[in-house]
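J.: The structure is given below, and queries will be raised subsequently.
Residue numbers (full-length UniProt numbering): 1 to 59.
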């Protein structure tokens, strides 16, 4: 249950960073950094879940 909450928080922070990157029109460097970090944080729960499923299947 704790892992699910952590993954949900990571996903929401990633979505928030992606949303904020579209509001930063005047700072292209921060916009790109926010978009990259947001994309990584949004994808990380899915990648971790896929890895855990693969790990359980192989054991």
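A virtual CB, placed ideally from N, CA and C, is assigned to each residue, including glycine. Every value quoted in this text rests on a predicted model; they were computed, and no experiment measured them.
Residue 59 by DSSP, collapsed to three states: which one?
T.: As a working note, residue 59 is residue 59 in the chain shown. Here residue 59 sits in coil by DSSP.
J.: Does the separation of the CB atoms of residue 29 and residue 14 fall below 7 Å?
T.: Along the chain shown, read from residue 1 onward, the residue named residue 29 stands at position 29. Along the chain shown, read from residue 1 onward, the residue named residue 14 stands at position 14. No, the pair does not count as a contact, with Cβ atoms beyond the cut-off.
J.: How many Å lie between residue 32 and residue 3 at the Cα?
T.: To locate residue 32, count along the chain shown from 1; it is residue 32. To locate residue 3, count along the chain shown from 1; it is residue 3. Those two C-alpha atoms are separated by around 29 Å.
J.: Taking residue 18 as the reference, give the member of 48, 49, 47, 43 with the closest Cα.
T.: As a working note, residue 18 is residue 18 in the chain shown. With distances taken between Cα atoms, residue 18 lies closest to 43.
J.: Note down the Cα distance separating residue 48 from residue 21, rounded to an integer number of angstroms.
T.: Taking the first residue of the chain shown as 1, we reach residue 48 at position 48. Taking the first residue of the chain shown as 1, we reach residue 21 at position 21. Cα-Cα distance, rounded: 24 Å.
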